[in-house]
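With my numbering applied, the sequence shown corresponds to residues 1219 to 1310, in that order.
Don't be surprised by glycine CBs; every beta carbon is placed ideally from N, CA and C.
This report concerns only the one structure given below.
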Amino acid sequence: MNLEHNMLPCLFKSLFGIECLGCGFQRAFLLLLKGEFNAAFQMYPALFTTLLFLIFLGGHFIYKRVFTQKIMIRLAILNSAFMVMGYIYKHY
1219 MNLEHNMLPC
1229 LFKSLFGIEC
1239 LGCGFQRAFL
1249 LLLKGEFNAA
1259 FQMYPALFTT
1269 LLFLIFLGGH
1279 FIYKRVFTQK
1289 IMIRLAILNS
1299 AFMVMGYIYK
1309 HY
């Protein structure tokens, strides 16, 4: 199965013509699944922090006492910072 043909287009890029902070995540995730870690980081630098945040978010829904709201907020801020820095890194 060729997953590249089934990727969702970026609505923000389609409407406004510029990439959003999440553009490149799908392609980077596919590169990560193929084992190309460096290429995945080059494609979307916030990939690893986003995946870490999503794992902890899933854990928060299952084990609310272990993953407290303070931890989730800190991880969200860390991930947002990496997204902004990655956007700046890719475009400037």
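Would L1272 be called buried (16 or more neighbouring beta carbons within 10 Å of its own) or exposed? Burial call: exposed.
First and last residue of the uninterrupted alpha helix (DSSP H) at A1299: A1299 -> alpha helix (DSSP H) spans Q1287 to H1309.
Count the other CB atoms within 10 Å of the CB of F1234; is the residue buried (16 or more) or exposed (fewer)? A residue is called buried once 16 or more other Cβ atoms fall within 10 Å of its Cβ, and F1234, having fewer, is exposed.
By Cβ distance below 6 Å, which residues in the same chain neighbour L1265 in space, the five residues on each side in sequence not counted? Non-local C-beta neighbours of L1265 in its own chain, meaning closer than 6 Å and more than five positions away in sequence, comprise A1246 and A1258, ordered along the chain.
Can you have a look at T1268 and say buried or exposed, based on whether 16 or more other CB atoms are within 10 angstroms of its CB? Answer is buried; the Cβ neighbour count reaches 16.
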